[in-house]
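Trainee:
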Amino acid sequence: MRFRSFRKIILCATLTVPALPDFEPFPPTPEGQKYSNEVAFQALSNYTDIAWAMYADAVRDAVRFNMAVYHFRKDPGPETFENAKGLWIEARKTYGKTECFRFSETPIDELGLEILINAWPLDESYIDYTRDDPDSGIINQPELHPKINSVYLPRLNEKGGEANVATGWHAIEFLLWGQDFNPEGPGDRPWTDFTTAKNADRRMTYLVTATEVLRSHLVTVSEEWNPANYDGGSGEFFIRRPSRIIRSVMTGIASMAGREIASERLAAAIRSGSQEDEHSCFSDTTHNDLVANMEGLESILFGHFTSKSGKVVIDGRGIMDIIASADSELANRMETQFKTAKMHIEAIPKPFDQVIIAPADSEGRKTINQAISALWEFVYSMSDAEEFMELNTRYR
Amino acid sequence: MIHRPILWGALVSMLGLARADYQLPGGDTTVFDASREAFAQPIENLSPKDFARFFSGDALFNTNWVNASSVVDGRDGLGPLFNTRSCSSCHFKDGRGQPPKPNEIPDGFLVRISLPGNGLKGDPHPHPVYGNQISVRALPKAKPEAHVSLEYEPVNGHYPDGTSYSLLKPAISIADWAYGEPGNLLQSARVASAVYGLGLLDAISEESLIALSDPEDRDGDGISGRPNRVWSPSRQTYSIGKYGWKANKATLLDQTAGAFQGDIGITSPLFPNESHSLSHLDPREFPSGGSPEIEKRDLDDVVFYLKTLAPPASRFAADEIYRSGKALFEAAKCSSCHTPQFQTRDDYSIPALTGQTIYPYTDLLLHDMGEGLADHRPDFQATGTEWRTPPLWGIGLFPTVNGHSRLLHDGRARNIEEAILWHSGEAESSKQAFMKLPREQRLELIEFVRSL
């Protein structure tokens, strides 16, 4: 029995997005349970609605970017090239918000697509020429890789090493910008790489194919959240026990904030001081990634989301409300901690690659350290909340 | 900043749902992940202040090294001769390698070579030109040392109940020597080992290994485990070897810096020179990526990463499967060498790894495994028929993580059953005990191992 199914039918009939407050398939809150099952169901319904709206936005922008790539292929030139790059940046920002659903037993991970959509860091020379080797990469090895198509390319992803990234955002980013040797700005690959340079036709095919593959993978993930999709992942989402779902979502938020943003992207980058550890290093848009990640987290924590077009406005309960139903003081504290972290992250100077090579006592590095500390304070509290809510059933 | 360990799922025991120890092979460090990323997780109780080091090491482990260049600072200096370009290409997803398919240049597999006799420290005697392993790749201006491939010969047999089996015995063949015929060589094929849980093994005291050893077989059980004693470049003394198929490395730093030098051609503070075989290559053709090519901090981060990769939780479907499998495992005396339980030291350098009760299923000691597995290439005190007991934790996840179930030092066994059937020498009676079991119980025992 999938509780979600019934709601889907109603949704289709009424064509409304917000959760229906009168339908609460979680069992009544048991005696002695710290948090409210009623609040939890409303918040988690809202969570799935936000997921659908957020991924739908990501798909729309990916399609726009895909069209711009087609335009560039049809009419290659500096304007169409810049246009494609601009739309990559826009689409990437929209996608960045959806990273809040990672590590939470949701479709992006369950389908095994994250690795094809967003793998990083990547070895440039696996895909194309580099400053050191003009003949490197899949593009410049037609004997080894005669065909570049949407079946073959995903198979090459992570083949023979985790840095051998062939598909996804960062592979496309490298194709559009090239290696970044420019301290002032992003990489500046000439658009003629796709028209007159050696293997230009293969490079163009690669760009178009990788873009199409990304678009189609995003559609797949997004469809799992489509409320009209009867057997989708969101159905799976609600089939698990309430405590398991809440724990997964809270663990996902903590993992994203603590391990992913604070550690892997911020602390490891300033530790090594290597531009190799910058996230979106070719386009110099790492700052956008960080801000978008925090916006996504904010949406699911507080239950608010407005789609880019403004047509879908979601304003309901968030994960914080579940925590507040157990301990409102802790929830208030966490709200402050999260907003402090978000403020520090927004204050990190751009471009990010100049901050990570700056001296340790520079303002930019100080801001990053403040952001890391604030994120961890938030994650500690999330751990306290998990403990207090007795969600400690890691398995079973 | 407050430093306290975060238990992502928090403490299970608080709920009265305490799990049996056997489900937590790494104690508090155990991670519950049976996905493709099962081996790639930091220990559960890692302090948040250590995450930056962990992910810094992670990035270095995954990075593809490039030839010496001015632009990729800190990740350059590949080769000129090398087996692979990154740690993760052999230890993919921190798991294990497999032997090459026909006509494939191997990843996750290499052939060790040496001349008969000992080197200066009692190590295998390196070949003056080819060193102690065959580099199957090279930068464009150099040639790979040789081409290696494997040929298999079937070894057929049957159980006492009549069920037949067929094993594969590999023979190494080396062709296209690029720098002259090498003469008489000792050879030994090796697959890359998985790298999770190494910090916990590191935290087992040498005393407890010595206590387990029984070189003269005083207890008369036919099993005479003994530690290898090897030269440790990082300690500058002889120590008990714990790592490698012949327990020929004493510390993880020795192992890691050795792999950077031998496998990727990256020099380090511990091994500041390219490996031996470069004498015949013109150094002017091959600029260095810095001296050393990986600096101390980065090397230490990689070692820290390896020490803090968690062993995955065991995956028994039911308590009965554990109990009945364990009874068979002990009755066949598998546990004489695959020692289930250890206590880690209280004074280990990483607090999260101290005082843990762990279940690696290895004694880290050398055992004579018989003629069938012998490579006849001694390594310090390990003879040509001796091998170190490999840990069994996580063994059932290799198909998920690495897409294969090849086992043993050269990956000849295609599954757990074949690996058991290759056991001989000191393990002969255990293998016989396994073979005499009825089929259902053999499967139970295999399922037990797969679930560890």
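These protein sequence lines map, in sequence, to chains A and B. Per our numbering, residue 3 is the first one in the first sequence, and the count goes up by one each step. Per our numbering, residue 8 is the first one in the second sequence, and the count goes up by one each step. Glycine included, each C-beta is placed from N, C-alpha and C at the ideal position.
1. Is GLN339 of chain A buried or exposed, if buried means 16 or more other CB atoms sit within 10 Å of its CB?
2. Helix, strand or coil for PRO361 of chain A, going by three-state DSSP, please let me know.
3. For chain B, check one thing: does any of its Cβ atoms lie closer than 9 Å to the Cβ of ASN166 of chain A?
4. Just to confirm, is the Cβ distance from ASN69 of chain B to CYS97 of chain B under 9 Å?
5. Can a CB atom of chain A be found closer than 9 Å to the CB of ASN52 of chain B?
6. Determine which residues share a DSSP beta bridge with GLY260 of chain A and list them.
7. In this structure, what does DSSP give as the bridge partners for HIS134 of chain B?
8. Among B:PRO135, B:GLU160, B:ARG103, B:LEU175, which has the Cα closest to the Cα of PRO189 of chain B?
9. Can you tell me which of A:GLN277, A:SER106, A:ARG133 puts its alpha carbon nearest to the alpha carbon of ARG246 of chain A?
10. Beta-carbon separation of ASN125 of chain B and SER282 of chain B under 9 Å?
11. Here's the rule: buried if 16 or more other CB atoms are within 10 angstroms of the residue's CB, otherwise exposed. What is VAL315 of chain A?
12. For a test of the three-state rule: what should DSSP assign to ILE12 of chain A, helix, strand or coil?
13. What separation, rounded to the nearest whole angstrom, lies between the Cα atoms of VAL221 of chain A and VAL61 of chain A?
14. Can you tell me the Cα-Cα spacing of GLU302 of chain B and PHE46 of chain B, whole angstroms?
15. Taking only beta-carbon positions, decide if LYS100 of chain B is within less than 9 Å of chain A.
16. Hey, out of A:SER152, A:GLU262, A:VAL223, whose CA is closest to ALA58 of chain A's CA?
17. Which first and last residues belong to the alpha helix (DSSP H) in which ARG243 of chain A is found?
18. Beta-carbon separation of PRO234 of chain B and LEU216 of chain B under 9 Å?
19. Since TRP179 of chain A meets chain B, which of its residues come closer than 7 Å, beta carbon to beta carbon?
20. Relative to the C-alpha of GLU392 of chain A, which residue among A:GLY79, A:LYS36, A:ALA269 is closest?
21. Confirm, please, whether the CB-CB distance from ALA185 of chain B to PHE116 of chain B is below 9 Å.
22. Can you name the residues of chain B whose CB is closer than 9 Å to the CB of ARG2 of chain A?
23. Using 8 Å as the cut-off, can you tell me whether the stretch 331-348 of chain A makes contact with the stretch 62-73 of chain A, which would need three or more C-beta pairs spanning the two stretches below that distance?
24. Just verifying my parser: in three-state terms, what is the DSSP assignment at ALA270 of chain A?
25. I'd like to check one pair, ARG144 of chain B with SER463 of chain B: are the Cβ atoms closer than 9 Å?
26. Could you tell me which residues DSSP pairs with PRO109 of chain A in its beta bridges?
27. Taking its Cβ as the centre, do 16 or more other Cβ atoms sit within 10 Å of THR108 of chain A, making it buried, or is it exposed?
28. Assess, as a yes-or-no matter, whether the stretch 108-127 of chain A is touched by the stretch 151-166 of chain A under the definition of 3 or more beta carbon pairs within less than 8 Å.
29. At the 9 Å Cβ level, is VAL118 of chain B part of the contact set with chain A, yes or no?
30. Which complete alpha helix (DSSP H) runs does the stretch 75-116 of chain B hold, if anything under 4 residues is left out?
31. Answer yes or no: does any C-beta atom of chain B fall closer than 9 Å to that of VAL19 of chain A?
32. Could you please tell me which residues of the stretch 27-58 of chain A, in chain order, have their CB closer than 9 Å to any CB of chain B?
33. Nearest chain A C-beta to PRO406 of chain B closer than 9 Å, yes or no?
34. Inspect the CB distances between the stretch 275-282 of chain A and the stretch 329-336 of chain A and report whether three or more fall short of 8 Å.
35. ARG261 of chain A versus chain B: which residues are under 7 Å apart at the beta carbon?
36. Where are the alpha helix (DSSP H) runs, 4 residues long or more, that stay fully inside the stretch 171-239 of chain A, in chain order?
Mentor: Here's the rundown:
1. Your numbering for residue 339 of chain A matches position 337 in the first sequence. Under this definition GLN339 of chain A is a buried residue.
2. Locating residue 361 of chain A in the first sequence gives position 359, where the first residue counts as 1. Three-state DSSP puts PRO361 of chain A in coil, outside helix and strand.
3. Counting from one through the first sequence, the residue named residue 166 of chain A turns up at place 164. Yes, ASN166 of chain A lies at the interface with chain B (some Cβ there is under 9 Å from its Cβ).
4. The residue given as residue 69 of chain B occupies position 62 in the second sequence. The residue given as residue 97 of chain B occupies position 90 in the second sequence. No, the pair does not count as a contact, with Cβ atoms beyond the cut-off.
5. For the purposes of this step, residue 52 of chain B is taken as the residue at position 45 of the second sequence. With 9 Å as the cut-off, ASN52 of chain B does not count as an interface residue toward chain A.
6. For this step, residue 260 of chain A is matched to residue 258 along the first sequence. Beta-bridge pairing links GLY260 of chain A to no other residue.
7. The residue labelled residue 134 of chain B in the question sits at position 127 within the second sequence. Beta-bridge pairing links HIS134 of chain B to B:GLY138.
8. Reading the second sequence from its first residue, position 182 is the one you call residue 189 of chain B. It is B:PRO135 whose Cα lies nearest to the Cα of PRO189 of chain B.
9. As a working mapping, residue 246 of chain A is identified with position 244 in the first sequence. Closest by alpha carbon: A:SER106.
10. The count along the second sequence starts at 1 and reaches residue 125 of chain B at position 118. The count along the second sequence starts at 1 and reaches residue 282 of chain B at position 275. Not closer than 9 Å, so no.
11. Reading the first sequence from its first residue, position 313 is the one you call residue 315 of chain A. With fewer than 16 neighbouring CB atoms inside 10 Å of its own CB, VAL315 of chain A falls in the exposed class.
12. To locate residue 12 of chain A, count along the first sequence from 1; it is residue 10. At ILE12 of chain A the pLDDT is 39, less than 50, meaning the model places this residue with poor confidence; the figure from the coordinates comes in the next sentence. ILE12 of chain A falls in the helix class under three-state DSSP.
13. For this step, residue 221 of chain A is matched to residue 219 along the first sequence. For this step, residue 61 of chain A is matched to residue 59 along the first sequence. Using only the alpha carbons, I get a separation of about 6 Å.
14. Here residue 302 of chain B is taken as the residue at index 295 of the second sequence, counted from 1. Here residue 46 of chain B is taken as the residue at index 39 of the second sequence, counted from 1. Going from the Cα of GLU302 of chain B to the Cα of PHE46 of chain B covers about 26 Å.
15. Your numbering for residue 100 of chain B matches position 93 in the second sequence. With 9 Å as the cut-off, LYS100 of chain B counts as an interface residue toward chain A.
16. Position 56 of the first sequence, counting from 1, holds the residue named residue 58 of chain A. The shortest C-alpha separation from ALA58 of chain A is found at A:VAL223.
17. For the purposes of this step, residue 243 of chain A is taken as residue 241 along the first sequence, with counting starting at 1. No alpha helix (DSSP H) contains ARG243 of chain A, which DSSP labels as neither H nor E.
18. Taking the second sequence and counting its residues from 1, the one referred to as residue 234 of chain B is at position 227. Taking the second sequence and counting its residues from 1, the one referred to as residue 216 of chain B is at position 209. Their beta carbons are under 9 Å apart, which means PRO234 of chain B touches LEU216 of chain B by this criterion.
19. Against the first sequence, residue 179 of chain A aligns to sequence position 177. Neighbours of TRP179 of chain A on chain B: none; closest Cβ ~15 Å, over 7 Å.
20. In the first sequence, residue 392 of chain A corresponds to position 390, counting from 1. The shortest C-alpha separation from GLU392 of chain A is found at A:LYS36.
21. Residue 116 of chain B sits at position 109 when you count from the first residue of the second sequence. Residue 185 of chain B sits at position 178 when you count from the first residue of the second sequence. No.
22. In the structure displayed, chain A extends from 3 to 398; residue 2 of chain A sits before or after that span and is not available.
23. no
24. Taking the first sequence and counting its residues from 1, one reaches residue 270 of chain A at position 268. ALA270 of chain A falls in the helix class under three-state DSSP.
25. Past the boundaries of the shown model lies residue 463 of chain B; chain B is included only from 8 to 459, so the question cannot be answered.
26. Position 107 of the first sequence holds residue 109 of chain A. The partner list for PRO109 of chain A (beta bridge, DSSP) is empty, contrary to what the question assumes.
27. As a first step, residue 108 of chain A is located in the first sequence; it is residue number 106 there, counting from the start. That one is buried.
28. Cβ pair count under 8 Å is three or more, so yes.
29. Within the second sequence, numbered from 1, the residue matching residue 118 of chain B stands at position 111. Not one chain A Cβ lies under 9 Å of VAL118 of chain B.
30. 94-97
31. Position 17 of the first sequence, counted from the start, is the residue given in the question as residue 19 of chain A. Annotation note: pLDDT 45 at VAL19 of chain A (below 50); position unreliable, coordinate value reported separately. No, its Cβ sits nowhere closer than 9 Å to a Cβ of chain B.
32. none
33. For the purposes of this step, residue 406 of chain B is taken as the residue at position 399 of the second sequence. It does not: the Cβ of PRO406 of chain B has no partner Cβ on chain A nearer than 9 Å.
34. no
35. Reading the first sequence from its first residue, position 259 is the one you call residue 261 of chain A. Correct list: PHE58.
36. 171-179, 202-226
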